[in-house]
Amino acid sequence: MTGSLSPATAVGYISTVVIGLILFDRWLIYITLIPATLLLLITGYLSLKQYIPYAPVFNIAALKPSPAQHNFWVGSMVFFSVPILIGFFGLFEILLSQWREREYEIKRLSQLDFLTNLLNRRSINEALNTLQHDHTSQSYAIILLDVDHFKRINDQYGHHTGDQVLIAIAECLRQHSRQQDKIGRFGGEEFIVLLPQTSLRAARQVAERYRLALETLIISPSKHLHIQVSASFGVASCNEAEDSSQILTQADQALYLAKACGRNQVKSYTGDIQQFAHH
2 MTGSLSPATA
12 VGYISTVVIG
22 LILFDRWLIY
32 ITLIPATLLL
42 LITGYLSLKQ
52 YIPYAPVFNI
62 AALKPSPAQH
72 NFWVGSMVFF
82 SVPILIGFFG
92 LFEILLSQWR
102 EREYEIKRLS
112 QLDFLTNLLN
122 RRSINEALNT
132 LQHDHTSQSY
142 AIILLDVDHF
152 KRINDQYGHH
162 TGDQVLIAIA
172 ECLRQHSRQQ
182 DKIGRFGGEE
192 FIVLLPQTSL
202 RAARQVAERY
212 RLALETLIIS
222 PSKHLHIQVS
232 ASFGVASCNE
242 AEDSSQILTQ
252 ADQALYLAKA
262 CGRNQVKSYT
272 GDIQQFAHH
């Protein structure tokens, strides 16, 4: 009606193609696009050869020398184009917002452990490297903790119950953590806590708070089953390490010492390790 080569037709054509490619399978759009494009080209050619009238809604002869100089033609183009543009940009904004939300959710889920919703190992390593290279955080510490005799829980009650125990432990750690601390599941029944701007002494106090909380925690996977747990803790500070891998090694050595000394206790990499070595 407005002509195959008019601005209104071009706006409608481009908007339909872009939105279609976003909403539907591209092959479906291509299958529809090819005949639609051919139809536009054919009608344009037939109009050029005067086999069919071009833009029957207008009196083309009256629009000479240029349609753009006539108010009716310009107003008609605006009338047909503006609603299409408003609908296009409105729908595009909705789709873009949903896409951003989905990307954010995918990124968030990729950073979390699927069972406990704590940070996963990769995210913890990234956060640890950030701490190591952050000059404003001159002192930080980490806590490694391992659930004591967790294999017995799996063997005695099954892996489903073991998973529920890990979820309960993760929630307990969350409840007793400071806002700036980052908690993660490091693998299996092992957890890790990053403590920015924290000295070794303060980190030991935090670890002791965790230990007491877990020691008094009663986990009830079912009505008639109540499980108590404990954990061993290894603490290390960046003051004793040159890089992030070294501080992890030191915390792991302190954790090994806590297990060797009877479990359910907190050990740090400094004096505790040296005293143990002398014995």
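2 is the number of the first residue of the sequence shown in the working numbering; add one for each residue after it.
We put the beta carbon where it would ideally sit given N, CA and C, even for glycine.
Could you name the residues that DSSP lists as bridge partners for residue i?
i: residue 84; result: For residue 84, which the question treats as bridged, DSSP gives no partner whatsoever.
i: residue 221; result: In DSSP, residue 221 forms no bridge with anything.
i: residue 34; result: Residue 34 pairs with nothing; no bridge assigned.
i: residue 268; result: 235
i: residue 113; result: 120
On the DSSP letters alone, give me the boundaries of the beta strand (DSSP E) that residue i sits inside.
i: residue 141; result: 141–148
i: residue 177; result: Unbroken run through residue 177: none, as it is neither H nor E.
i: residue 153; result: It is not in any beta strand (DSSP E) - residue 153 instead sits in the alpha helix (DSSP H) that spans 151–158.
i: residue 191; result: 191–197
i: residue 226; result: 226–229
i: residue 186; result: 183–188
What three-state label does DSSP hand residue i in the structure shown?
i: residue 101; result: helix
i: residue 93; result: helix
i: residue 22; result: helix
i: residue 119; result: coil
i: residue 171; result: helix
i: residue 232; result: strand
i: residue 237; result: strand
i: residue 11; result: helix
Can you give the Cα-Cα distance for residue i and residue j, rounded to whole angstroms?
i: residue 193; j: residue 166; result: 16 Å
i: residue 1; j: residue 131; result: Nothing about residue 1 can be read from this structure; the chain reaches only from 2 to 280.
i: residue 113; j: residue 249; result: 20 Å
i: residue 37; j: residue 87; result: 23 Å
i: residue 306; j: residue 219; result: Missing from the structure shown is residue 306; the chain here goes from 2 to 280 and no further.
i: residue 200; j: residue 181; result: 14 Å
i: residue 12; j: residue 82; result: 6 Å
i: residue 3; j: residue 18; result: With a pLDDT of 47 at residue 3, under the threshold of 50, the modelled position of this residue cannot be trusted; read the value that follows with caution. Cα to Cα, residue 3 sits roughly 19 Å from residue 18.
i: residue 205; j: residue 116; result: 27 Å
i: residue 260; j: residue 109; result: 34 Å
i: residue 195; j: residue 32; result: 55 Å
i: residue 161; j: residue 270; result: 34 Å
i: residue 187; j: residue 123; result: 9 Å
i: residue 149; j: residue 107; result: 33 Å
The alpha helix (DSSP H) that contains residue i, what's its start and end?
i: residue 204; result: 201–216
i: residue 134; result: 122–134
i: residue 246; result: 245–261
Just to check, is the beta-carbon of residue i closer than 7 Å to a non-hydrogen atom of the ligand HEM?
i: residue 126; result: Here there are no bound small molecules, and the ligand HEM is not part of this structure.
Among the options, whose alpha-carbon lies nearest the alpha-carbon of residue i?
i: residue 141; options: 149, 128, 162; result: 128
i: residue 240; options: 90, 198, 84, 104; result: 198
i: residue 1; options: 234, 160, 208; result: Nothing in the structure corresponds to residue 1, since the chain is present only between 2 and 280.
i: residue 233; options: 223, 262, 221; result: 262
i: residue 163; options: 120, 152, 98; result: 152
i: residue 265; options: 85, 10, 106, 145; result: 145
i: residue 221; options: 95, 35, 168; result: 168
i: residue 217; options: 159, 223, 174, 134; result: 174
For chain C, find out if any of its Cβ atoms is closer than 8 Å to the Cβ of residue i; answer yes or no.
i: residue 244; result: This model lacks chain C altogether; it includes just one protein chain.
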